[in-house]
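For the sequence shown, position 288 matches number 333 in my numbering, and the numbering has no gaps at all. Here's the structure, in structure tokens; my notes come after.
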Amino acid sequence: MPREIYLVKVGMTMTEGMVSEWFIADGAKVKKGEMLYSLETEKVNLDVDAEMDGYVKHTAEAGVMLAPGDVVGYIFADDEPIPADFAGVASPAAAPVVEAPKTAAPAAAVSATPEPVAVVSGDGRLKSSPAARRLASEIGVAIAGLTGSGPGGRIVEADVRQASLQSGASTGSERQENIETKVNASPLARRLAAERGIDLSQIKGSGPQGRIVQGDLDQAPLTSGRAAPVQTGPTAGSTVPVRGMRKTIAQRMHQSLQTSAQLSMDMTAQMDDAVRLRGQLIKEWDGEARPTYTDLVIKAVAKALGQHPMMNSRFDDTEITLLREIHMGLAVSVPEGLLVPVIRNVHELNLKQIAQESARLAAAARAGTLGLDDYAGGTFTISALGMFGVNSFTPIINQPQTGILGVNQLFDGLTWDEDKPIKTKQMNLSLTWDHRAVDGAPAAEFLASVVEFLSEPYRLLL
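This is the structure in structure tokens:
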């Protein structure tokens with residue numbers, strides 16, 4: 046009898062998922078332990094291995110949303126031919142619970158790729174499967190230059206493998222030798238270069254021993270000769286299915302507004318000293334970390350939460366629980382929607398550690414390699430939209446938390462020295478809090494503390 050292949054359940058809260066890509070073709074042979082398919086949920090993506098040798102029969106197509114435990118295929122033993130009319134039964138069953146990967150996969154060196162036209166989503170981002178992004182990073186293929194053969198022009202793993210064969214990208218021990226001897230670059234720099242189509246051999250590194258770091262790629266030109274992306278996202282009159290991550294976001298945002306008393310306020314921080322401190326730290330850390338203004342805000346919020354513990358609490362109908370640990374959620378935009386990985390015990394981290402961890406989580410979120418542990422236990426959330434020129438917005442609380450802080454753009458403002466106007470760097474901060482747990486005055490005191498720490502940023506180093 047053939048053995049069923051289930052859509053595995055990742056954690057106890059998973060309600061749906063899909064086979065985003067089959068690694069073994071329908072009817073092809075698989076070995077035990079070989080990667081069978083890529084599972085995609087609203088939170089994580091991981092590869093599922095075959096549990097036995099045999100021949101694979103698909104009963105679920107890639108891209109179709111299913112429930113955990115649904116049968117997505119079968120494996121027939123080597124001596125058991127697949128019947129020509131075999132269809133199988135895709136009925137729910139008890140699915141095994143598996144652990145998601147706990148760390149982001151490392152990136153590798155970039156090599157030349159063919160010059161087809163890239164396919165992007167409606168918001169201008171590449172349409173590619175997590176497995177394709179991961180493989181492109183590992184074997185050194187610039188995914189930005191590929192044409193997708195998946196549904197809706199999505200780039201899948203087969204497209205990356207084909208590009209690798211055509212370009213002569215190195216594999217195995219040869220690839221490792223290239224990584225170690227040809228380009229001295231950080232894993233994050235390699236991944237970003239692969240996504241942007243940047244030839245790392247043309248970049249001069251500013252890190253230790255000339256290592257290429259993220260900052261070196263900010264002004265780097267794209268590889269010459271690459272065709273411009275073609276806009277192929279949703280168009281007027283079309284429909285977009287509400288499923289996966291988008292469905293989860295819709296449900297949770299609506300539930301948050303329906304079940305809590307949310308209010309918002311803004312305050313402005315004077316950022317001149319913060320701008321100077323950031324510049325000093327970039328030079329001092331010498332590529333080991335590159336602090337952002339959001340990192341400074343994270344540290345300021347962590348200190349302010351220590352002074353105002355009611356903002357680091359959870360409300361239910363009978364009690365308010367003040368939490369000992371501070372785990373900071375960091376909202377990260379990805380092509381499919383929004384993810385909120387968590388910097389754990391942020392109150393115990395120094396500013397450099399915060400900068401390194403926030404960069405790791407943001408990169409892993411965009412690469413689709415976050416694990417379940419990266420989402421667990423957030424007690425307060427920060428959402429940054431300043432890079433889009435936003436001056437104020439109303440973020441929605443990530444339940445069951447009590448507050449969320451919006452980080453807006455840095456702008457030129459004015460202060461007054463008696464009758465003399467002085468140009469200064471300023472930033473608005475937008476706080477949303479749950480009035481069931483915290484009244485307006487304590488919430489304002491908390492936000493004022495955040496503003497004070499940012500206005501006197503050297504206190505963040507203590």
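Glycine is no exception: its CB is placed at the ideal position from the N, C-alpha and C atoms.
Quiz item: Are Y119 and T104 touching if we call contact CB-CB under 8 Å?
Solution: yes
Practice problem: Kindly provide the ranges of any beta strand (DSSP E) runs that are 3 or more residues long and lie completely inside the region 303 to 357, ordered along the chain. | Solution: 307 to 315
Quiz item: Given that a residue counts as buried once 16 or more other Cβ atoms are within 10 Å of its Cβ, and exposed if not, what is Q485?
Solution: For the record, residue 485 in the displayed sequence is Gly; it is not Gln. Label assigned to G485: exposed.
Exercise. Write down the C-beta distance between K77 and A95 rounded to the nearest angstrom, noting that I regard them as a contact closer than 8 Å.
Key: 6 Å
Quiz item: Whole alpha helix (DSSP H) runs in the region 371 to 453 with 4 or more residues, listed along the chain?
Solution: 396 to 412
Practice problem: Apply the 10 Å Cβ neighbour rule to N357 and answer buried if 16 or more other Cβ atoms are within range, or exposed otherwise. | Solution: buried
Practice problem: Could you say which of G382, E79, L210, A187 lies nearest to V285 if we only look at CA atoms? | Solution: G382
Quiz item: Among the residues of its own chain, which have a CB less than 8 Å from the CB of I343, if the five just before and after it don't count?
Solution: M373, L375, I388, V391, I399, S403, I427
Quiz prompt | Beta-carbon gap between N453 and L476 smaller than 8 Å | solution = no
Practice problem: Return the CA-CA distance between L455 and K328, expressed in angstroms with no decimal places. | Solution: 21 Å
Quiz item: Which first and last residues belong to the alpha helix (DSSP H) in which S494 is found?
Solution: 485 to 500
Practice problem: Report buried or exposed for A421, applying the criterion of at least 16 other Cβ atoms within 10 angstroms of its Cβ. | Solution: exposed
Quiz item: Expressed to the nearest angstrom, what Euclidean distance is found between the alpha-carbon atoms of S437 and I257?
Solution: 35 Å
Quiz item: What's the gap between the Cα of A489 and the Cα of L308?
Solution: 11 Å
Quiz prompt | S209 burial status per 10 Å Cβ neighbour count (16 or more: buried) | solution = buried
Exercise. Report the three-state DSSP secondary structure of L507 (helix, strand or coil).
Key: coil
Self-check item: Coil, strand or helix - H103 by DSSP
Solution: strand
Quiz item: Which partner residues does T460 have in the DSSP bridge list?
Solution: I467
Practice problem: Check whether the Cβ atoms of H353 and F491 lie closer than 8 Å to each other. | Solution: yes
Exercise. Select from R335, T192, F68 the residue whose C-alpha is nearest the C-alpha of K397.
Key: R335
Practice problem: Can you tell me which of the three DSSP states I50 falls into? | Solution: strand
Quiz prompt | Start and end residues, beta strand (DSSP E) containing G114 | solution = Segment: none, G114 is in no beta strand (DSSP E) and carries neither H nor E.
Self-check item: For G62: DSSP bridge partner residues
Solution: L111
Quiz prompt | M80, enclosing beta strand (DSSP E) - first and last residue | solution = 80 to 85
Exercise. Give me the Cα-Cα distance between N229 and P380, rounded to the nearest whole angstrom.
Key: 29 Å
Quiz item: Would the beta-carbon of M432 fall within 8 Å of that of A314?
Solution: no
Exercise. Please go through the same chain and pick out, in chain order, the residues whose beta-carbon is closer than 8 Å to the beta-carbon of L180, but skip the five residues on each side of it.
Key: V186, E202, V205, R206
Self-check item: N-terminal and C-terminal residue of the beta strand (DSSP E) that D94 is part of
Solution: 90 to 94
Quiz prompt | Helix, strand or coil at R288 according to DSSP, with G and I counted as helix | solution = coil
Practice problem: Decide if V117 is buried, meaning its Cβ has at least 16 other Cβ atoms within 10 Å, or exposed. | Solution: buried
Quiz item: Roughly how many angstroms lie between the CA atoms of G62 and L459, to the nearest whole one?
Solution: 51 Å
Quiz prompt | Residues near I294 in its chain [Cβ-Cβ closer than 7 Å; skip 5 each side] | solution = G382, L383
Quiz item: If you draw a straight line from the alpha carbon of D71 to that of L111, how long is it in whole angstroms?
Solution: 19 Å
Quiz item: Do T424 and E31 come within 8 Å of each other at the CB atom, strictly closer than that value?
Solution: The chain is shown only over 46 to 507; residue 31 falls outside these bounds and no answer can be derived.
Practice problem: Tell me A230's beta-bridge partners as DSSP assigns them. | Solution: I257
Quiz item: From this set, S251, G114, P445, which residue's C-alpha is nearest R359's C-alpha?
Solution: P445
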